[in-house]
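Asker: Numbering (the working numbering), first residue to last: 4 to 158.
1) Distance check for residue 92 and residue 126, CA to CA, integer angstroms please.
2) Going by DSSP, which residues form a beta bridge with residue 133?
3) So, helix, strand or coil for residue 55, using DSSP?
4) Quick one: grab the DSSP three-state call for residue 155.
5) Using 8 Å as the threshold, is the C-beta distance between residue 30 and residue 83 below it?
6) Mind checking residue 87: buried by the 16 CB within 10 Å criterion, or exposed?
7) Does DSSP classify residue 24 as helix, strand or coil?
8) Quick one: give me the first and last residue of the beta strand (DSSP E) that residue 73 is part of.
9) Could you tell me which of 57, 36 and 49 sits nearest to residue 71, measuring between CA atoms?
10) Please report how far the alpha carbon of residue 6 lies from the alpha carbon of residue 41, in whole angstroms.
11) Who pairs with residue 124 in a beta bridge, going by DSSP?
12) Would you mind working out which of 120, 155, 97 and 108 sits nearest residue 56, comparing C-alpha positions?
13) Taking Cβ positions, are residue 155 and residue 106 nearer each other than 8 Å?
14) Which partner residues does residue 60 have in the DSSP bridge list?
15) I need the DSSP call for residue 83, collapsed to helix, strand or coil.
16) Applying the criterion that 16 or more other CB atoms from any shown protein chain within 10 Å of the CB defines a buried residue, is residue 102 buried or exposed?
17) By Cβ distance, which residues of its chain are closer than 6 Å to residue 43, with the 5 residues on each side in sequence left out?
Here is the structure:
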């Protein structure tokens, strides 16, 4: 049984329920439909409303991923992906803690977005070790991630 009295998020008296927002294909993605930015932002607004406190889901936090951008680059995402995610998340401030995951494994981009919009946390799929993925072999870069975090998110 899960001990729901412990908390990973300050101000949350139980184990948090973290909702996931999978963004549709963004500009720069091979599947992005040009001229559909307004449609994309409307869909995101509806998805976020479904996750908001007071909704049926009523999550304690939300993590946002560029899941619609599959197939993902093995390393860094294009700058337009970072710009699009930042613009979207700045447009829709959330009343719950926000997390960022830039797929496939772009920790620098996730930390950059988090620093600009004030996100509470990031997820790095491969922080340490080596993993065989559909993008190929991905090596964790924990030291580099910690160096970037210390510069961008000093708290």
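Glycine residues also receive a C-beta, built at the ideal position from the N, C-alpha and C atoms.
Answerer: If we stick to the structure as given:
1) Translated into the one-based positions of the chain shown, residue 126 becomes position 123. Translated into the one-based positions of the chain shown, residue 92 becomes position 89. Spanning the two alpha carbons is a distance of roughly 16 Å.
2) For this step, residue 133 is matched to residue 130 along the chain shown. BP columns for residue 133 point to 142.
3) Here residue 55 corresponds to residue number 52 of the chain shown, with the count starting at 1. Correct three-state label for residue 55: coil.
4) Taking the first residue of the chain shown as 1, we reach residue 155 at position 152. DSSP places residue 155 in helix when its eight states are reduced to three.
5) The residue you call residue 30 lines up with position 27 of the chain shown. The residue you call residue 83 lines up with position 80 of the chain shown. Yes, Cβ-Cβ distance for residue 30 and residue 83 is below 8 Å.
6) Your numbering for residue 87 matches position 84 in the chain shown. Flag for residue 87 reads buried.
7) Here residue 24 is taken as the residue at index 21 of the chain shown, counted from 1. Of the three classes helix, strand and coil, the one that applies to residue 24 here is strand, per DSSP.
8) What you label residue 73 is simply residue 70 of the chain shown in a count that begins at 1. Neither: residue 73 is in no beta strand (DSSP E) and is coded neither H nor E.
9) Locating residue 71 in the chain shown gives position 68, where the first residue counts as 1. Cα-wise, what sits closest to residue 71 is 36.
10) Indexing the chain shown from 1 puts residue 6 at position 3. Indexing the chain shown from 1 puts residue 41 at position 38. For residue 6, the pLDDT reaches just 45, beneath the cut-off of 50, and the residue's location in the model is therefore unreliable, leaving the point undetermined.
11) Translated into the one-based positions of the chain shown, residue 124 becomes position 121. Residue 124 pairs with 102.
12) Start at 1 with the first residue of the chain shown, and residue 56 comes out as number 53. Residue 56 has its Cα closest to that of 97, out of 120, 155, 97 and 108.
13) Residue mapping note: residue 155 aligns to position 152 of the chain shown, counting from 1. Residue mapping note: residue 106 aligns to position 103 of the chain shown, counting from 1. Not a contact, by the Cβ cut-off of 8 Å.
14) If you number the chain shown from 1, residue 60 lands on position 57. Paired residues: none, contrary to the question.
15) Here residue 83 refers to the residue found at position 80 when the chain shown is read from its first residue. Residue state, collapsed to three classes: helix.
16) For this step, residue 102 is matched to residue 99 along the chain shown. The residue is buried, with at least 16 neighbouring Cβ atoms inside 10 Å.
17) Working through the chain shown from its first residue, we reach residue 43 at position 40. These residues qualify, in order along the chain: 27.
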